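Have a look at the structure below before the remarks.
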Ligand code: GLV
Ligand code: MG
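Numbering (full-length UniProt numbering), first residue to last: 1 to 315.
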């Protein structure tokens, strides 16, 4: 695998609270997405593009990246998966045509580490050919079938280009023969959270490799309460963000994946109090009381996570 002239994984933590799906075949949506408040956009050449328009969509995506105003957003393109004949040309057309205006390639239906390795090698050749900084294009890997989940640890370690693992619930539900037709919702008849294991599995593999973890879509786009509930579950576990399929989901998503003001304030308080109590002037104590609660080094680490997210969200 290539070595990269970039900071190690874990330092490439881009904003990804809300990741907006934009069909690459639609000039109207490619235009509209630029003015929306999503942290991250992915221009989709995969399932949001019907087969007859996939090839022309590549050129629309290149033009939108080069000519659009995507300021402040993480810019990604989802290519087709390696089981199709489209993948290599998706990557070549998009990265040769707009590599300087692109942050990441989203690789769907990743089944093993070799699929990430293949994309890494292709990106390396294109970067060299067109004179892009080596390693500038990152990879987001979608885990969306049983094989992908079984190999998730190897996938998460497969390339220094990896920035995030993304759960794909729709394909995943199909891959398991899950008895549900409503993506993002709990399957009827199961009395607990049917996604707990898979979300936790992805999250742990991501964190063990310094990657972000992103939850997939919720397809009932007008049911905001259901969206909030699904997003809230992923956020509570520690996920960094979630896909949004409709502008109406963006504000809720940004809110759910930002700490509440009260939690952010408490986190800053813990950091200040801990810094004071561990200093010589404060008594150089390893643990101290803050209100009703004891705080120590582990509390500081937990507070750092919340504080960092709150600062990023501008709280
Ligand atoms: C997304 O790609 C999904 O399959 O849910
Ligand atoms: Mg999918």
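Idealized CB from N, CA, C, for every residue including glycine. On a predicted model such as this, the values are computed, not experimentally measured, just so you know.
| Under 8 angstroms between the Cβ atoms of residue 102 and residue 126? | In the chain shown, residue 102 corresponds to position 102, counting from 1. In the chain shown, residue 126 corresponds to position 126, counting from 1. Not a contact, by the Cβ cut-off of 8 angstroms.
| message | Mapping the DSSP letters down to three states, classify residue 289 as helix, strand or coil. | response | Translated into the one-based positions of the chain shown, residue 289 becomes position 289. Of the three classes helix, strand and coil, the one that applies to residue 289 here is strand, per DSSP.
| request: Look up residue 40 in the DSSP assignment and give the residues it is bridged to. | output: Here residue 40 corresponds to residue number 40 of the chain shown, with the count starting at 1. In DSSP, residue 40 forms a bridge with 19, 74.
| Who are the Cβ neighbours of residue 189 in its own chain at under 8 angstroms, not counting the five residues just before and after it? | Against the chain shown, residue 189 aligns to sequence position 189. Contacts found: 179.
| task | Note down, one range per segment and in chain order, each beta strand (DSSP E) of at least 3 residues found wholly within the region 147 to 230. | result | 162 to 167, 212 to 215
| task | Could you check if residue 264 is buried or exposed, using at least 16 other CB atoms within 10 Å of its CB as the buried criterion? | result | As a working note, residue 264 is residue 264 in the chain shown. Buried: at least 16 other Cβ atoms inside 10 Å.
| request: Just confirm the distance between the C-beta atoms of residue 76 and residue 29, as a whole number of angstroms; I'd bet it's less than 8 angstroms. | output: To locate residue 76, count along the chain shown from 1; it is residue 76. To locate residue 29, count along the chain shown from 1; it is residue 29. Residue 76 to residue 29, Cβ: 15 angstroms. No contact.
| message | Can you find the residues in the same chain that come closer than 6 angstroms, C-beta to C-beta, to residue 299, ignoring five residues on each side of it along the sequence? | response | Numbered from 1 along the chain shown, position 299 holds the residue referred to as residue 299. Excluding positions up to five away in sequence, the list reads 270.
| task | For my contact list, residue 39 and residue 74 are in at a C-beta cut-off of 8 angstroms; report their separation, rounded to the angstrom. | result | Position 39 of the chain shown, counted from the first residue, corresponds to residue 39. Position 74 of the chain shown, counted from the first residue, corresponds to residue 74. About 6 angstroms separates the two Cβ atoms, so the contact holds.
| request: Measure the alpha-carbon distance for residue 293 versus residue 287 and round it to whole angstroms. | output: Here residue 293 is taken as the residue at index 293 of the chain shown, counted from 1. Here residue 287 is taken as the residue at index 287 of the chain shown, counted from 1. Straight-line Cα distance between these residues: approximately 10 angstroms.
| query | If we ignore side chains and look at the alpha-carbon of each, how far apart do residue 135 and residue 297 end up? | reply | Position 135 of the chain shown, counted from the start, is the residue given in the question as residue 135. Position 297 of the chain shown, counted from the start, is the residue given in the question as residue 297. Approximately 35 angstroms between the Cα atoms of the pair.
| request: Return the residue from the list 64, 45, 63 that minimises the CA-CA distance to residue 55. | output: Taking the first residue of the chain shown as 1, we reach residue 55 at position 55. Checking every option, the nearest Cα to that of residue 55 belongs to 45.
| What whole-angstrom Cβ distance do residue 130 and residue 96 have, given they're in contact under 8 angstroms? | Counting from one through the chain shown, the residue named residue 130 turns up at place 130. Counting from one through the chain shown, the residue named residue 96 turns up at place 96. With a Cβ gap of about 6 angstroms, residue 130 and residue 96 count as contacting.
| message | Is any non-hydrogen atom of the ligand GLV found closer than 7 angstroms to the C-beta of residue 115, if you look at the structure I gave you? | response | Here residue 115 corresponds to residue number 115 of the chain shown, with the count starting at 1. Taken from the Cβ of residue 115, every heavy atom of the ligand GLV lies 7 angstroms or farther away.
| Contact with chain B by residue 257, beta-carbon distance below 8 angstroms | Protein chain content of the structure displayed is limited to a single chain, and chain B is not contained in it.
| Does the distance from the C-beta atom of residue 317 to that of residue 169 stay below 8 angstroms? | For the chain, the structure presents residues 1 to 315; residue 317 sits outside this window and is missing.
| field | Candidates 117, 181, 90: closest to residue 161 by CA position | value | As a first step, residue 161 must be located in the chain shown, where it is residue number 161. Residue 117 is the option with its Cα nearest to residue 161.
| Roughly how many angstroms separate the alpha carbons of residue 4 and residue 159, rounded to a whole number? | Here the question's residue 4 lines up with position 4 in the chain shown. Here the question's residue 159 lines up with position 159 in the chain shown. With a pLDDT of 36 at residue 4, under the threshold of 50, the modelled position of that residue is not reliable, and the figure given next carries that caveat. Whole-angstrom Cα-Cα distance: 10 angstroms.
| message | Less than 8 angstroms between the beta carbons of residue 253 and residue 25, yes or no? | response | Stepping through the chain shown from its first residue, residue 253 is reached at position 253. Stepping through the chain shown from its first residue, residue 25 is reached at position 25. For residue 253 and residue 25, no; Cβs fall outside 8 angstroms.
| request: Assuming residue 257 contacts residue 240 (C-beta within less than 8 angstroms), just tell me the rounded distance between them. | output: Taking the first residue of the chain shown as 1, we reach residue 257 at position 257. Taking the first residue of the chain shown as 1, we reach residue 240 at position 240. Taking 8 angstroms as the upper bound for CB-CB distance, residue 257 and residue 240 are in contact here, some 7 angstroms apart.
| Under three-state DSSP, which class holds residue 143? | In the chain shown, the residue the question calls residue 143 occupies position 143. Looking at residue 143 - three-state DSSP - the assignment turns out to be strand.
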